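Here the numbering used here is used: the first residue of the sequence shown is 319, the next is one more, and so on. Glycine is no exception: its CB is placed at the ideal position from the N, C-alpha and C atoms. Here the structure is a predicted model, which is why all the values come from computation and not from measurement.
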Amino acid sequence: MNSDDKSFNILIVDDAPANIQMVANILQKEGYRMAFARSGDAALTHTETTPFDLILLDIMMREMDGYEVCEKLKQNPKTKEIPVIFLTAKTDAESILKGFELGAVDYVTKPFNDSELLARVKTHLELREARQKLQELNATKDKFFSIIAHDLKNPFNALISGSDFLVRYFEELEKDKIKAFLGEINNASRQAFTLLENLLEWSRAQTGRVICKPAETDIHGIVSDTMSLLKQNAEEKQIHLISEITPNTFAYADTDMTSVIIRNLLSNALKYTTGGGEVRIASKATGDFMEISVSDTGVGISKEDMDRLFRIDIKYSTLGTAQEQGTGLGLLLCKEFVEKNGGKIRVASDIGKGSVFCFTLPRGKAFKG
319 MNSDDKSFNI LIVDDAPANI QMVANILQKE GYRMAFARSG DAALTHTETT
369 PFDLILLDIM MREMDGYEVC EKLKQNPKTK EIPVIFLTAK TDAESILKGF
419 ELGAVDYVTK PFNDSELLAR VKTHLELREA RQKLQELNAT KDKFFSIIAH
469 DLKNPFNALI SGSDFLVRYF EELEKDKIKA FLGEINNASR QAFTLLENLL
519 EWSRAQTGRV ICKPAETDIH GIVSDTMSLL KQNAEEKQIH LISEITPNTF
569 AYADTDMTSV IIRNLLSNAL KYTTGGGEVR IASKATGDFM EISVSDTGVG
619 ISKEDMDRLF RIDIKYSTLG TAQEQGTGLG LLLCKEFVEK NGGKIRVASD
669 IGKGSVFCFT LPRGKAFKG
């Protein structure tokens, strides 16, 4: 979202309908999305269900004035970061200072000057967007260094210790022991390679070097190739890997990104499914989109953890059923690539029963990337 596409959500709060209409008429010229509240209680209820980018708040309201509304907004972790601009007829220094002390970022005096109101709204929307981007950049940096410092070390430690042991005791070990160590080294190598692939893809995406090039993409072909790559993983854990994707199943999306999405979702499903379980991938057409689902009979995900899955600012990773390491990076990459292609991703899960990850991709050329 940026200030050029005008796709910001603004809440206007005033107990006088005429004032709301006046402000709305001014902002409407810029194409902002708006919602309205005629009381403090209504405003607080609105903010619980809708993520607003800015709140224009009248001070003098019956029952609950703007000061109290602002104070409650700033006490709520969910709404404390939303910038508040007071709409007021009060111009004395004491009233203005009180508003700033409660957390407001600015004020506009009544009667409104169109140019002044628009300028202040635009300025604070741009500042909010800049803060959000800075927070995302910091979270990205922290995630990147965390993976390098911790997650990437684990498979290499296994590679080094396993190969050192083989070199030192090779002559004394029986074939079964050697084979077991080689299996561990192989698993660690594949784990490191997968993580490195994701890390490189993700770093390219964060630096703007990944360009979405949508084209007719053969979903059946991608799934077949991916299942061939993962066949050994599935066999080692005795998991049934099943595809219901029929030939001539196509989406209009970037082929490489689609491959990364499917590979990560299938790998994750295998990681968190126990031996004898099942991982299934299927698709169906839903209007202008192709919906692809990856389901498993694995350990499942709690509601609390589901809320963390696609957030870069929260570290989420759990060990697989065979103690496979995870970073959460694959799911972040899936979300980013799905959205770059104009789709959406969601998850449903029950603890002990399994999970279903669904994502959509456009079916036709309406989406241009």
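Residue range K621 to M624 is occupied by the alpha helix (DSSP H) that includes M624, with no beta strand (DSSP E) assigned at that position. Taking all protein chains in view, the Cβ of F607 is crowded by 16 or more other Cβ atoms within 10 Å, so the residue is classified as buried. C-alpha of V656 to C-alpha of M575: approximately 8 Å in a straight line.
Pairing V674 with S613 gives a Cβ-Cβ distance under 7 Å. Cβ atoms of A510 and E562 stay farther apart than 8 Å, at about 32 Å.
No Cβ-Cβ contact shorter than 7 Å links I557 with L514. Relative to the Cα of A411, the nearest Cα in the group F474, K555, T427 and E399 belongs to T427. For R681, the closest of Q550, I537 and S479 by C-alpha to C-alpha distance is I537. Annotation note: the segment 509-545 contains the following uninterrupted beta strand (DSSP E) runs of length 3 or greater, listed N- to C-terminal: 533-536. Judged by DSSP secondary structure, R581 falls within the alpha helix (DSSP H) whose first and last residues are T573 to K589. Here M352 carries a strand assignment [DSSP, helix/strand/coil]. Look at M340 here: in three-state DSSP terms it is helix.
Taken atom to atom, the span from the alpha-carbon of Q339 to that of G670 is near 53 Å. About 38 Å separates the CB atoms of L436 and W520; that is not less than 8 Å, and the two are not in contact. When the five nearest sequence neighbours on each side are left out, no beta carbon in the same chain lies closer than 8 Å to the beta carbon of Q550. CA-CA distance, V485 to G595, rounds to 37 Å. DSSP places P680 in the strand class (E or B) of the three-state scheme. Under a 10 Å Cβ-count criterion, I529 is classified as exposed, with fewer than 16 other Cβ atoms of the shown protein chains found around its own Cβ. Inside the segment 360-419, DSSP marks whole alpha helix (DSSP H) runs of 4 or more residues at positions 384-393 and 411-419, from first to last along the chain. Taking 7 Å as the cut-off, the Cβ atoms of L627 and N516 do not count as close. Only residues of its own chain outside the window of five on either side were considered, and among them P473, A476 and L477 have a CB closer than 6 Å to the CB of A506, listed in chain order. Within 10 angstroms of the beta-carbon of G384 lie 16 or more other beta-carbons, which makes it buried. L679 is the residue among L679, K531, S667 and L547 whose C-alpha sits nearest the C-alpha of T567. Secondary structure of L650 (DSSP, three-state): helix. Membership of V331 in the beta strand (DSSP E) is indicated by the continuous run N327 to V331.
Taking all protein chains in view, the Cβ of L500 is surrounded by fewer than 16 other Cβ atoms within 10 Å, so the residue is classified as exposed. Annotation for L391: T397 place their beta carbon closer than 6 Å to its own, counting only its chain and skipping 5 residues before and after.
Where K602 is concerned, the enclosing beta strand (DSSP E) starts and stops at E596 to T604. With a contact defined as Cβ atoms closer than 8 Å, L329 and I373 qualify at about 5 Å. Setting aside the 5 residues that flank it on each side, A355 is surrounded in the same chain by L329, V331, A361 and H364, each with a C-beta closer than 7 Å to its C-beta; the list follows chain order.
E490 and N504 have their C-alpha atoms some 21 Å from each other. Here K555 is buried, its C-beta having at least 16 other C-beta atoms within 10 Å. Beta-bridge pairing by DSSP links Y425 to F404.
Judged by DSSP in its simplified three-state form, I663 adopts strand. Secondary structure of A476 (DSSP, three-state): helix. Secondary structure note for L559: its beta strand (DSSP E) is the uninterrupted segment H558 to S561.
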